[in-house]
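For the sequence shown, the numbering used here puts the final residue at 1061, and the numbers step up evenly by one.
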Amino acid sequence: MELSVSLSLSESEFHFPQLQFLNKAVQLASKECYHSVKFNSDWRWRFRARRCSSLNRLPPRFACIPKSFAKEYSLCNCQIPHSLRTELLGYKRCKFVCFTRQNFVSTEDVVAKKIVVQKNSPRGVHFRRAGPQEKVYFESDEVRACIVTCGGLCPGINTVIREIVCGLNYMYGVEDILGIEGGYKGFYSKNTTTLTPKVVNDIHKRGGTFLRTSRGGHDTKKIVDSIQDRGINQVYIIGGDGTQKGAAAIFKEVEKRGLKVAVAGIPKTIDNDIAVIDKSFGFDTAVEEAQRAINAAHVEVESVENGVGIVKLMGRYSGFIAMFATLASRDVDCCLIPESPFYLEGQDGLFEFIEKRLKENGHIVIVLAEGAGQEHVARIMHAVGEKDASGNRLLLDVGLWLSQEIKDHFTKERKMAINLKYIDPTYMIRAIPSNASDNIYCTLLAHSAVHGAMAGYTGFTVGPVNSRHAYIPIARVTETQNTVKLTDRMWARLLASTNQPSFLNYNKVMQEKAEKETTNLIDSTRTSV
Ligand SMILES: Nc1ncnc2c1ncn2[C@@H]1O[C@H](COP(=O)(O)OP(=O)(O)O)[C@@H](O)[C@H]1O
Ligand SMILES: O=P(O)(O)OC[C@H]1O[C@](O)(COP(=O)(O)O)[C@@H](O)[C@@H]1O
Ligand SMILES: [Mg+2]
533 MELSVSLSLS ESEFHFPQLQ FLNKAVQLAS KECYHSVKFN SDWRWRFRAR
583 RCSSLNRLPP RFACIPKSFA KEYSLCNCQI PHSLRTELLG YKRCKFVCFT
633 RQNFVSTEDV VAKKIVVQKN SPRGVHFRRA GPQEKVYFES DEVRACIVTC
683 GGLCPGINTV IREIVCGLNY MYGVEDILGI EGGYKGFYSK NTTTLTPKVV
733 NDIHKRGGTF LRTSRGGHDT KKIVDSIQDR GINQVYIIGG DGTQKGAAAI
783 FKEVEKRGLK VAVAGIPKTI DNDIAVIDKS FGFDTAVEEA QRAINAAHVE
833 VESVENGVGI VKLMGRYSGF IAMFATLASR DVDCCLIPES PFYLEGQDGL
883 FEFIEKRLKE NGHIVIVLAE GAGQEHVARI MHAVGEKDAS GNRLLLDVGL
933 WLSQEIKDHF TKERKMAINL KYIDPTYMIR AIPSNASDNI YCTLLAHSAV
983 HGAMAGYTGF TVGPVNSRHA YIPIARVTET QNTVKLTDRM WARLLASTNQ
1033 PSFLNYNKVM QEKAEKETTN LIDSTRTSV
């Protein structure tokens, strides 16, 4: 016998009235010997946690009533009712779960987005804490999971793939795991590959992605059709900001079609530009590997007279790799990033700084994020803003441009012989396997995603927030992009460490330059007439 529970309270009326209502429903159901309670379809909205950032959970198929049910609801005031089942895969019953009761996270545990607060500041946004939960939504043998990797490469992708496969299998006894090949388009244009712990056993030792990747080709309808046709009910999506936007679209479509599919995003990008999370995997490895290039540049330039070393690192819109590589190295004299526009000529410009350092030390090392100074390169190349298949702006080679400008300035204008070495290790850094710390980090991300999906959460991205792993609604990580804040103390630390110019006069200098160029143009037109 089944009791249909219809919640008619509005979202703003949430909290105790609803809890009381629920408790009453449950008590009634127990008293009247109903076997299960079914909630009306919009329960997710009505139970949206108020103080906790809302997270979606798969709708319960049958919320059967164990003894603890009423007690549980009366305890939690920001609880999303989850799929309680009589046959719970608790730690005692499931031979696959390697956790003891102490390891389980409580469904009430939350992670604060902001931890530095003032006395009277509001409580702020909180996310669900990630980790194994005592009650799971899926039975092992009903899971059909799939993994896809999209966007650019990043050290550690293979570790994440390996740990999702091994985590699902070792912790939850899941055996049906598919690999989608070649990014999003692989859902509808390629066959799947079967993933087992044996198949993925060694892949973490290699760079790149075992499943291959691509940009573009995100067709939400075709992807969800494929998910539906293949009977997939857990989708693990590894990728950067673009990929997470794609994951959000898939989640929406899955919801629209009423499919019981858990959609879990694992944020990937070497640029570390994904919002909310502390850092993205592969970033640490990239910073470490960048040291080798910086070291090479330093060795080269200190061995010659007036040596100028330029090292270009990745960072399309965010200069995190360049900033952290500079802070870690101590051999870098100047770090240029997209967030801090720079200029070459005039007082406090780059040329002046280079000349000063050459006089003082005989050499200089400059670290350059690929997205820095794009406006200068675009101006001389009359670029038309080309885009890649995903719609990302294609960058012009700022390293080559800067090298040429420096050579021209010192040899032609200053009549100074310099010895310039330009090193571009970008793809070499991106293609290596992850280091020890990233390997551990990738494992935690993969396990958090597996626990979340198994517990019935959906439409989430995993990641550490203030050092605690959390489930973050996908939309939150895609609404903004993480960039270096020039007003943050980390950038101030860098300036203190390199003593480079801060280029604060950028706007004034560029305006003067533009005016001068216009005047010159008018003059030259007049003379030619
Ligand atoms: N706004 C978007 N909506 C849906 N899919 C997107 C969106 N932006 C990017 N994608 C898809 O995500 C995938 C990866 O995006 P891309 O920007 O290349 O890399 P990354 O995810 O690493 O940032 C591509 O297949 C692309 O089509
Ligand atoms: O040449 P590709 O493969 O398009 O990748 C270049 C870009 O990929 C990045 O590594 C970032 O990639 P994602 O956005 O895919 O994480 C940038 O640093 C770089 O500009
Ligand atoms: Mg991206």
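Glycine is no exception: its CB is placed at the ideal position from the N, C-alpha and C atoms.
Here the structure is a predicted model, which means the values were calculated and not measured.
What does DSSP give as the partner residue(s) for residue 953 in the beta ladder?
841
Closest Cα partner of residue 981 within the set 1041, 937, 693, 998:
693
Selection from 659, 867, 1037, 823 that minimises the alpha carbon distance to residue 904:
867
Would you check if the distance between the CB atom of residue 886 and the CB atom of residue 840 is smaller than 8 Å?
yes
For residue 775, report the span of its alpha helix (DSSP H) as first-last.
773-788
By the DSSP assignment, the beta strand (DSSP E) with residue 983 in it spans what residues?
Counting along the chain, residue 983 falls outside any beta strand (DSSP E), though it belongs to the alpha helix (DSSP H) covering 968-986.
For my contact list, residue 906 and residue 926 are in at a C-beta cut-off of 8 Å; report their separation, rounded to the angstrom.
Rounded, the Cβ-Cβ distance is 10 Å, inconsistent with contact.
For ligand 1, any of its heavy atoms closer than 7 Å to the Cβ of residue 777?
yes
Three-state secondary structure (DSSP) at residue 800?
strand
For ligand 2, is there any heavy atom lying closer than 7 Å to the beta carbon of residue 1062?
Here the chain has residues from 533 to 1061 only, and residue 1062 is not among them.
Within the stretch 854-933, ranges of the beta strand (DSSP E) (whole runs, at least 3 residues)
866-868, 895-901
Beta-carbon spacing of residue 590, residue 669 below 8 Å
yes
Hey, could you find the ends of the alpha helix (DSSP H) residue 829 is sitting in?
815-834
Hey, is residue 955 close to ligand 2, as in C-beta under 7 Å from one of its heavy atoms?
no
Going by DSSP, name the residue or residues bridged to residue 995.
1002
Between the C-alpha atoms of residue 789 and residue 678, what's the straight-line distance to the nearest angstrom?
19 Å
So does residue 768 have its beta carbon nearer than 7 Å to some heavy atom of ligand 1?
no
Check whether the Cβ of residue 924 sits closer than 7 Å to any heavy atom of ligand 3, and report yes or no.
yes
Kindly indicate which residue of 674, 1003, 717, 664 has the alpha-carbon position closest to the one of residue 1098.
Look at the range of the chain in this structure, 533 to 1061, and you will see that residue 1098 is not part of it.
Do residue 773 and ligand 3 come close, with the Cβ less than 7 Å from some heavy atom?
yes
Regarding residue 750 and ligand 1, is the C-beta to nearest heavy atom distance less than 7 Å?
yes
Comparing C-alpha positions only, which one of 804, 714, 935, 1006 sits nearest to residue 747?
714
Could you give the C-beta distance for residue 797 and residue 1012, rounded to a whole number, given that I count them as a contact under 8 Å?
No, residue 797 and residue 1012 are not in contact; Cβ-Cβ is about 16 Å, not under 8 Å.
Any chance the CB of residue 683 is under 7 Å from a heavy atom of ligand 1?
yes
DSSP state of residue 742 mapped onto helix, strand, coil
coil
Classify residue 616 as buried or exposed, calling it buried when 16 or more other Cβ atoms lie within 10 Å of its own Cβ.
Note that residue 616 scores 30 on pLDDT, short of 50, meaning its location in the model is unreliable; the coordinates nonetheless yield the value given after this. By the 10 Å Cβ count, residue 616 comes out buried.
Reduced DSSP category for residue 634 - H, G, I as helix; E, B as strand; rest coil
helix
Residue 710 - partner residues in DSSP beta bridges
678, 726
Of the listed residues 831, 987, 751, 647, nearest to residue 842 (C-alpha basis):
831
Is it buried or exposed for residue 837, if we count other Cβ within 10 angstroms and need 16 for buried?
exposed
Less than 8 Å between the beta carbons of residue 805 and residue 1015, yes or no?
yes
Option in 754, 808, 752, 696 with minimal Cα separation from residue 646
808
Any contact between the stretch 657-677 and the stretch 941-953? By contact I mean 3 or more CB pairs, one from each, below 8 Å.
no
CA-to-CA distance, residue 776 to residue 725, given in whole angstroms:
23 Å
When the distance is taken between beta carbons, is residue 897 closer than 8 Å to residue 920?
no
Under the rule that 16 or more other beta-carbon atoms within 10 Å means buried, what is residue 1056, buried or exposed?
exposed
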